[in-house]
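For reference, the structure is listed below as C-alpha cells.
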Amino acid sequence: MAKAGQIDRRNYHWLLGVIYVMILFGLVMILSASSVRAFAATGDSYHYVKRQLIAILLGSILILLFSQIRVRALSKIATASIFVAIAMLAAVLIPGIGKVAGGSSRWIPVGFFNLQPSEFTKIAVALYTADFLARRKNKPISLNDLIYPYGILMIIIVFLVMEQPDLGTTLSICLLAFIMLFLGGLNLKYVAAIAAAGLAGGAYFIFSSEGGYRLERFKAFLDPSSDPLGSGWHIKQSLIALGSGGLFGAGLSLGRQKFFYLPAPHTDFIFAVIGEELGLLGTIFTVSLFVIFTYYGIKISLRCKDYFGRLLGIGLTVMIAIQALVNMGAVTGVLPVTGIPMPFISYGGSSLLVNMAAVGILFSIALNNIREDLLVGRRRNLRLVVGNRSSNRLSNRSTSRSSKSRSASGSRSRLDLTTKTSKTRRAKSNAGGNKRRRNSRSRISRSSSRQGTPKGKKRS
Numbered sequence: 053m054a055k056a057g058q059i060d061r062r063n064y065h066w067l068l069g070v071i072y073v074m075i076l077f078g079l080v081m082i083l084s085a086s087s088v089r090a091f092a093a094t095g096d097s098y099h100y101v102k103r104q105l106i107a108i109l110l111g112s113i114l115i116l117l118f119s120q121i122r123v124r125a126l127s128k129i130a131t132a133s134i135f136v137a138i139a140m141l142a143a144v145l146i147p148g149i150g151k152v153a154g155g156s157s158r159w160i161p162v163g164f165f166n167l168q169p170s171e172f173t174k175i176a177v178a179l180y181t182a183d184f185l186a187r188r189k190n191k192p193i194s195l196n197d198l199i200y201p202y203g204i205l206m207i208i209i210v211f212l213v214m215e216q217p218d219l220g221t222t223l224s225i226c227l228l229a230f231i232m233l234f235l236g237g238l239n240l241k242y243v244a245a246i247a248a249a250g251l252a253g254g255a256y257f258i259f260s261s262e263g264g265y266r267l268e269r270f271k272a273f274l275d276p277s278s279d280p281l282g283s284g285w286h287i288k289q290s291l292i293a294l295g296s297g298g299l300f301g302a303g304l305s306l307g308r309q310k311f312f313y314l315p316a317p318h319t320d321f322i323f324a325v326i327g328e329e330l331g332l333l334g335t336i337f338t339v340s341l342f343v344i345f346t347y348y349g350i351k352i353s354l355r356c357k358d359y360f361g362r363l364l365g366i367g368l369t370v371m372i373a374i375q376a377l378v379n380m381g382a383v384t385g386v387l388p389v390t391g392i393p394m395p396f397i398s399y400g401g402s403s404l405l406v407n408m409a410a411v412g413i414l415f416s417i418a419l420n421n422i423r424e425d426l427l428v429g430r431r432r433n434l435r436l437v438v439g440n441r442s443s444n445r446l447s448n449r450s451t452s453r454s455s456k457s458r459s460a461s462g463s464r465s466r467l468d469l470t471t472k473t474s475k476t477r478r479a480k481s482n483a484g485g486n487k488r489r490r491n492s493r494s495r496i497s498r499s500s501s502r503q504g505t506p507k508g509k510k511r512s
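In this note's numbering, the protein residues as written are 53 to 512.
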C-alpha cells in the first residue's frame, strides 16, 4: 500500500511539473511572438505578457481551490453548472452585455478582463456528462435517457455557441461529450447515431448559406493555394513559418513571420512561431509535453476508485488533449483552421483559467487517491497490529496453559512416584512380616514335636 501511495504522489508531481513547464514555456513564446504587435497596438512590448502573468496568478489560485474540493462534492454541482453555462452563453448574445470583436460575440467584459463563457462551458459539459453516466452506472442507458434531458441540453449549448459564432469551441464540446459517452459504455448503436448526427450537423453549418466564411475556410483547407491572399492566407503563412525553421530553428525571437505576416502569432498560431524559432526540435518538445500531460492525467484518473471521478478526470484530460491536437492540426494544415488556442502556451486569459481549473480538478483526484491509499494503509497496519496482539495473547495463554499442564503433570508424577514407593515399601514390609511369621510358626511346630516324643523311642 505504501507503494501505491508513492505511485500516486509521483503522478501528482509529474503532472504539476509538466503543467508549469508548459505555462513558463508559453510565457516565453508569447513574449517572443507578441512584442512587436503589442508595441504597435499599446506602446508596451510586454502588454500581453503582463496580462498573461495575471491570468497565471489567478489560475494558480484556481488550481489550489479546486484541488481542495472532494471529488464527490463536484458531482453535486454538475447540474447547476450546466444551467449556469447556458445562462452565460445566452447573455453573450444580448446587446450591451456581450462584447463583439472580429465579427464574433464571445466575451463578457469583467473589469480589465474579458470572460469567454464558451470556455467555461467545456468544464460544465465534462461535469454534467460524468454525473449523467455515473448515475446510470449499473443499468444500460436508454434512448429516452439520452434524449431527455441530456441530449436537449447539449443541443441548446451547441446552438448558442454556434450563434456567437465559434466553430472551434463547438467542435471541442461535441468531441468531449462524444468521447465521454463512448468511454462511459454507451450502446454502440447510439454512438454511431450521435457520430452521424454530428457529421450531418457539421456539414450543414459549413455548406449552408449562413456559413459563408466557414465554407471559404474549408475550401482553403482542401486547397490553400486557391485563395492565397484571402481565406488561404492563414495556412500559407503558417506553413512558411514551419518550413523555414528547419531542425534547430532561426533562434528565439528571431522569427520573421510574426512581423504581421502570420495572423494571431501569440494565440492560434503560436505553434508556428515555435516551429520557426525553435525548429523541429522545439515542436517535438511541445508535443512531448502534451503527451506526458495526457499520460499522467489519464493514469491519475484510472486510479480513482470513484466512478464519477474517473470519468471526470478522463474527460478533462481528453478536453485539453483535443484542443492541443486540433490546434496543431490547424497550424500544420491537417485540419481546418478553427480558432482554438494551444492550451497553457497560447495567450488567452479565459482559456488559461479554464485549463488550470481543469488541472485543479485532476489534482483533487490525485490527492483523493493519495488519501485513500493512506487510509487503506492505516487500516491494514491497524489490522496487523490487532492481529499481532491477538496472536501474542493466544500464545501467552497457550504458554501458561502448557506450563500449568507441565506443573500438574509433574505433581501427578511425583504423587504417583510417592504412591508407588509407599506401596512397594508396604508390600516389602508385608512380605517380610509374612516370612517372619512363617519362620516363627515352623520353629514352634518343630519345638512342639520334639517335646511330644518319648526318650528311647524312635519316631515312626
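For every residue, glycine included, the Cβ atom is placed at its ideal position computed from N, Cα and C.
For this session: For Arg122, name the three-state secondary structure that DSSP assigns.
Result: Taking the sequence shown and counting its residues from 1, one reaches residue 122 at position 70. Of the three classes helix, strand and coil, the one that applies to Arg122 here is coil, per DSSP.
For this session: Note down, in chain order, each residue of its chain lying with its Cβ closer than 6 Å to the Cβ of Asp183, except the 5 sequence neighbours on either side.
Result: In the sequence shown, the residue the question calls residue 183 occupies position 131. Result list for Asp183: Ser127 and Ala130, in chain order.
Exercise. When we look at the beta-carbon of Leu330 and count the other beta-carbons within 10 Å, is it buried (16 or more) or exposed?
Worked result: Along the sequence shown, read from residue 1 onward, the residue named residue 330 stands at position 278. Counting Cβ neighbours within 10 Å, Leu330 comes out buried, since at least 16 surround it.
Problem set entry | Which listed residue (Leu341, Lys174 and Ile287) has its alpha carbon closest to that of Asn407 | Within the sequence shown, the letter at position 355 stands for residue 407. When only C-alpha atoms are compared, the closest one is Lys174.
For this session: Inspect the beta-carbon positions of Ile397 and Gly150 and report whether they are closer than 9 Å.
Result: In the sequence shown, the residue the question calls residue 397 occupies position 345. In the sequence shown, the residue the question calls residue 150 occupies position 98. Contact: no.
Problem set entry | Leu267 versus Phe259: straight-line alpha-carbon distance, rounded | As a working mapping, residue 267 is identified with position 215 in the sequence shown. As a working mapping, residue 259 is identified with position 207 in the sequence shown. Rounded to whole angstroms, Leu267 to Phe259 spans 6 Å at the Cα level.
Exercise. Which whole runs of the alpha helix (DSSP H) in the stretch 169-253 are 4 residues long or more, in chain order?
Worked result: 169-187, 204-214 and 219-235
Problem set entry | Cβ-based burial, Val210 [other Cβ within 10 Å; buried from 16] | Looking up residue 210 in the sequence shown gives position 158. With 16 or more Cβ atoms within 10 Å of its Cβ, Val210 is classed as buried.
Problem set entry | Beta-carbon proximity of Leu185 to Met140, cut-off 9 Å | In the sequence shown, residue 185 corresponds to position 133, counting from 1. In the sequence shown, residue 140 corresponds to position 88, counting from 1. No, these two residues do not count as a Cβ contact at 9 Å.
Exercise. In angstroms, rounded to a whole number, what distance separates the CA positions of Phe270 and Lys357?
Worked result: The sequence position of residue 270 within the sequence shown is 218, counting from 1. The sequence position of residue 357 within the sequence shown is 305, counting from 1. Rounded to the nearest angstrom, the two C-alpha atoms are 43 Å apart.
For this session: Compare the Cα-Cα distances from Gly220 to each of Ala410, Ile413 and Ser403 and report the closest residue.
Result: Translated into the one-based positions of the sequence shown, residue 220 becomes position 168. Per the Cα distances, Ser403.
Exercise. Using the rule of at least 16 other Cβ atoms within 10 Å of the residue's Cβ for burial, across every protein chain shown, is Thr94 buried or exposed?
Worked result: Taking the first residue of the sequence shown as position 1, residue 94 is located at position 42. Exposed: under 16 other Cβ atoms inside 10 Å.
Exercise. Of the residues Tyr98, Leu68 and Thr384, which one's Cα is nearest the Cα of Ile82?
Worked result: In the sequence shown, residue 82 corresponds to position 30, counting from 1. Among Tyr98, Leu68 and Thr384, the Cα nearest to that of Ile82 is on Tyr98.
Problem set entry | First through last residue of the alpha helix (DSSP H) which encompasses Val343 | As a working note, residue 343 is residue 291 in the sequence shown. In the DSSP assignment, Val343 falls within the alpha helix (DSSP H) that extends over Ile322 to Leu354.
Problem set entry | Beta-carbon gap between Thr390 and Leu223 smaller than 9 Å | Taking the first residue of the sequence shown as 1, we reach residue 390 at position 338. Taking the first residue of the sequence shown as 1, we reach residue 223 at position 171. Contact flag set, yes.
Exercise. Hey, Arg62 and Asn420: beta-carbon distance below 9 Å or not?
Worked result: As a position in the sequence shown, residue 62 is number 10, starting the count at 1. As a position in the sequence shown, residue 420 is number 368, starting the count at 1. If you check the CB distance, Arg62 and Asn420 do not come in under 9 Å.
For this session: Please report how far the alpha carbon of Val386 lies from the alpha carbon of Glu424, in whole angstroms.
Result: On the sequence shown, residue 386 is found 334 positions in, with the first residue counted as 1. On the sequence shown, residue 424 is found 372 positions in, with the first residue counted as 1. Near 43 Å, if we compare the C-alpha coordinates of Glu424 and Val386.
Exercise. Can you tell which of Trp285, Phe273, Ile113 and Ala373 has the C-alpha that lies nearest to the C-alpha of Phe312?
Worked result: Looking up residue 312 in the sequence shown gives position 260. It is Trp285 whose Cα lies nearest to the Cα of Phe312.
Problem set entry | Same chain only: Cβ atoms within 8 Å of Phe345, ignoring 5 sequence neighbours per side | Numbered from 1 along the sequence shown, position 293 holds the residue referred to as residue 345. For Phe345, where only same-chain residues beyond five positions count, the Cβ hits under 8 Å are Leu67, Val70, Ile71, Met74, Thr369, Ile372 and Ala373.
Exercise. Considering only residues of the same chain and omitting the five flanking positions on each side of Ile352, which have a CB-CB separation below 8 Å?
Worked result: Taking the sequence shown and counting its residues from 1, one reaches residue 352 at position 300. Only Asp60, Asn63, Tyr64, Leu67, Gly365, Leu414, Ile417, Ala418 and Asn421 meet the Cβ criterion.
Exercise. What's the gap between the Cα of Gly301 and the Cα of Asn379?
Worked result: Counting from 1 along the sequence shown, the entry for residue 301 is found at position 249. Counting from 1 along the sequence shown, the entry for residue 379 is found at position 327. Taking the CA atoms as reference points, Gly301 sits about 20 Å from Asn379.
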